[in-house]
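Working notes for the structure below.
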Amino acid sequence: MKLDLKGMSAWCIAATILASPCAFAQERTGLTATSIRIGSFGALTGPGYLYGKLAMNGIEVVFDEVNAAGGINGRKLEFIREDDRCDPAGAIGAAQKLIYQDQVFALIGGGCSNATFAARETIEKAAVPFLVVASVHDGITTPPAPTIFSTALTSTIESKAQVQYAIDSKAKKIAVVSMRDSWGRARYTPLMDELKAKGITIVADEEMSPDANDATAQVLRLKQTDADAVIMVLFPKPAAVFARDAQKLGYKPLLIGQTGIGDPAAFEDQVGVPGATAKFRTISMVRYTPNDPEMEKWRKLVEAKFPGDRLSVFNLFGIGSAQVLVEALKRAGPDLTREKLVAALASIHDFPVDVFGAPITCTPADHRCNKSPAWLAKDPSGPVKVLSITRVE
Amino acid sequence: MLLFSYLLLGGLTSGALYSLVALGLVVVNKSTGIVNFAQGELFMFCGFLAWTVHVQFGLAYPFAFLAAIAGGFVLGVVTDRVAFRSLAKTDVVGLVLATVGLAFVLRGSARMIWGGKGDYLSFPPITSPEPIMVGTIMIVPQQMAALAGALVIMLAFAAFFRFSRAGKIMRATADNAKAATLVGISIQNVYTLAFGTGAAIAGAAAVLAAPLSLLYPDMGFAFFIKGFAAAVLGGLNSLSGAVVGGLLVGIVESMAGGYIHSNMMEVAPFVLIMLVLIVCPTGILSLYKARDV
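Which chain is which? The protein sequence lines are A and B, in order. Once you know that position 135 of the first sequence is 135 in the working numbering, the rest is easy, because the numbers rise by one and skip nothing. To convert, count from 1 in the second sequence and add 1000; that's the working numbering.
And the structure:
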């Protein structure tokens, strides 16, 4: 068969001419001369609303502030929310609606890890820039998707920080109590890898189910090993049961949590036993507590915009992420395209944000832009305090 | 010995709560022949009702207890009217699916009503949270209160069935529905009473469990599955079997966690159930009854 090269060339040229405006149009979807449409998905209802709705409230006050100052290169930010109900199928549907129906230019959001992880493929396929706010699943950013960046900590970063905190606290015998569902596994595996890498042999490795109502067996087994630090890979519910049962059985080790139990004040309330959380330390993505005077500006803005709300750490997640996205949009310039925004995100280096533990750095090879977890503690009947920041390499 | 006593107490407490959930399931199954898959969600909903009365309205614990039982009864009656009576002419699968649907409705409703108040709500302890030392053994008043409360409810329940007219009617209908109809008993009313009573027990169990657990809209399924396991273990038509089954599930769970490994806690009761069902497919107490005859 003889190939008609002339004919093929003509087809290629025609296809290129036809496709280019199409690709160009896609690059500028969600943009007008006066607006940039940004979509957000996360849980607006259900128990995950803290990581969804509240984070979005934080994003919105940053966008309002930007718009009040004239927008970015003359364009105002439009913000569209979609509820993923903390459900993987819901997140895929929400991402599809925002991308194809609402035609957003970029995405910011993602609360529940498994839901956001499920939406990764949809977002990656559509090549829409996406900045993750609160989801910590490693798979969202590792291996890196070209257009997906994260200002959330990841499971691996948190696991490394937990091990480092135990070492820094001079713990002699370290134990682990974990959930082994998909959420727990995503943290348990890197935790064990990190312990191995540091040459630490744990004295006990116990398990709890997310719905556990009694931790007597786990506490007694840990008590027998005399572990002085317990790394908790648990949701607040089993963690509260564990802390409560530890207290009642007279076992008082250092309890090392993670962002799943990111609010020490709420945790103290959930445990409900005086003194049971006195040695509880946990990770926060942000270096301030809502009652810190440094957060006064944001408290006023959030509480004015959303009457009845009180500033929370979840608002701060959104505020931090939104500041990074705004900076990237500014750097991408007035002739904005999705490609330029991705390039701008990848070039953010040592960018100071009002709320995170350290300046934000993204690179083309590593889209995990926040690697500085803050450690929180709450004295019984005292305020929540930031103890330190761990820089994870 | 100390380890054994702690594990036994923990297991008995959890087991007593599973027994109450199982009792509710058995009451409905014995009267109507179906498993109420909404039992866990009825339990959850009553827990939230009690929280509202006790924490939000600031009323004393006994009022919360009564509210949960009364609320449970009403919800049970609604279950009968919505998921059972209106579908009475369909087959068992249809009825069971209706209870599954009701479970989702209750869960969604709880999310709408209480979901925005925090991810997990804590219920204040009934007693002092501080443990009491009796010799070398540490007694946790909260656990003892839950255990004692569960035992009182079980005894009250047994008395209801043995001595009250309504209880006797329910027993008669469960034994022979046709004969009960012939002597003028309204079967429909018995079904309503069975659903109401089953849900009221779930309400009582929820108030006892709430201070030990935390309240959240998805909590019902975990209790349902343990209660269902307990009911199957004891025999789905045996009230005393439900109690024995629940206690066994709780104790086996606790002992397996303490003496083997904590990853055995979820598995061990179900392994036991499989073994028991191989030997006596109609439940552990059927063996006892067969010998008795």
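All C-beta atoms in this analysis are idealised placements derived from N, C-alpha and C, irrespective of residue type, glycine included. This structure is a prediction, so every number in the text was calculated from the model and none was measured.
PRO1125/B and LEU1049/B have their C-alpha atoms spaced approximately 16 Å apart. The CB of VAL1140/B comes closer than 7 Å to the CB of LYS248 in chain A, given here in chain order.
Taking C-alpha positions only, GLY42/A is separated from GLU82/A by approximately 7 Å. If you draw a straight line from the Cα of PHE79/A to the Cα of VAL302/A, it comes to about 16 Å. Between SER312/A and PRO290/A, the beta carbon gap of about 6 Å places them in contact (Cβ cut-off 8 Å).
Rounded to whole angstroms, the separation of the alpha carbons of GLU1266/B and LYS237/A is 16 Å. Of all residues in the segment 1204-1217 of chain B, those with a C-beta nearer than 9 Å to a C-beta of chain A are ALA1209, PRO1211, LEU1212, SER1213, LEU1214, TYR1216, PRO1217, reading in chain order. Here CYS112/A is near GLY48/A, since their CB atoms are less than 8 Å apart. With contact defined as three or more Cβ pairs closer than 8 Å, the segment 1010-1017 of chain B and the segment 208-216 of chain A are in contact. Contact annotation for TYR1061/B against chain A: no contact, minimum CB-CB distance about 14 Å [criterion: below 9 Å]. By the 16-neighbour rule on beta-carbons within 10 angstroms, SER381/A is exposed. Using a Cβ distance threshold of 8 Å, LEU1025/B and GLY1227/B count as a contacting pair. Rounded to the nearest whole angstrom, the C-alpha separation of PHE351/A and GLN96/A is 31 Å. Here the C-alpha atom of LEU316/A lies approximately 36 Å from the C-alpha atom of THR201/A. Between the segment 1230-1247 of chain B and the segment 1186-1198 of chain B there are fewer than three inter-stretch CB-CB distances shorter than 8 Å, so the stretches are not counted as touching. Within chain A, ASP214, THR216, ALA217 have C-beta atoms less than 8 Å from the C-beta of SER1254/B, given in sequence order. Interface annotation, LEU131/A: not in contact with chain B, CB-CB separation never under 8 Å.
Assigned with DSSP and collapsed to three states, ALA33/A falls in coil, not helix or strand. Assignment of beta-bridge partners to LYS76/A by DSSP yields SER35/A. Within the segment 1092-1174 of chain B, the complete beta strand (DSSP E) segments of 3 residues or longer fall at 1132-1134, 1137-1139, listed in chain order. For THR390/A against ALA161/A, the beta-carbon gap comes to about 4 Å, under 8 Å, which counts as contact. LEU1233/B: not part of any beta strand (DSSP E); member of the alpha helix (DSSP H) spanning 1219-1234, first to last residue. Taking the CA atoms as reference points, LEU336/A sits about 15 Å from LEU107/A. The continuous alpha helix (DSSP H) containing MET1274/B extends over residues 1268-1279. Identification of chain B residues near GLN270/A by a Cβ-Cβ cut-off of 7 Å yields TYR1120, SER1122, LEU1214, ordered along the chain. A distance below 7 Å between beta-carbons, with the five flanking residues on each side excluded, links THR116/A to the following residues of its chain, in chain order: ALA91, GLY110, VAL132, SER135, HIS137, ILE140. Among the CB atoms of chain B, one or more fall inside 8 Å of the CB of THR45/A. For ALA1222/B, at least one C-beta of chain A is nearer than 8 Å to its own C-beta. Within the segment 155-171 of chain A, contact with chain B at the beta-carbon level (separation under 8 Å) is assigned to no residue.
Distances from the CA of PHE1224/B to each of LEU1042/B, VAL1276/B, ALA1204/B were compared; the closest alpha carbon is that of LEU1042/B. Using a 10 angstroms sphere on the CB of GLY1094/B, the tally of other CB atoms stays under 16, which defines it as exposed.
CA-to-CA, the gap between LYS300/A and VAL1271/B works out to about 57 Å. Counting only Cβ-Cβ distances below 8 Å, TYR1006/B has contacts in chain A at THR216, LEU220, LEU249, in chain order. For the pair ALA1177/B and ILE1187/B, the Cα-to-Cα distance works out to about 7 Å.
Taking the C-beta atoms as reference points, TYR1018/B is found nearer than 8 Å to GLY1250/B. Pairwise C-beta distances place the segment 62-73 of chain A in contact with the segment 322-332 of chain A, as three or more of them are shorter than 8 Å.
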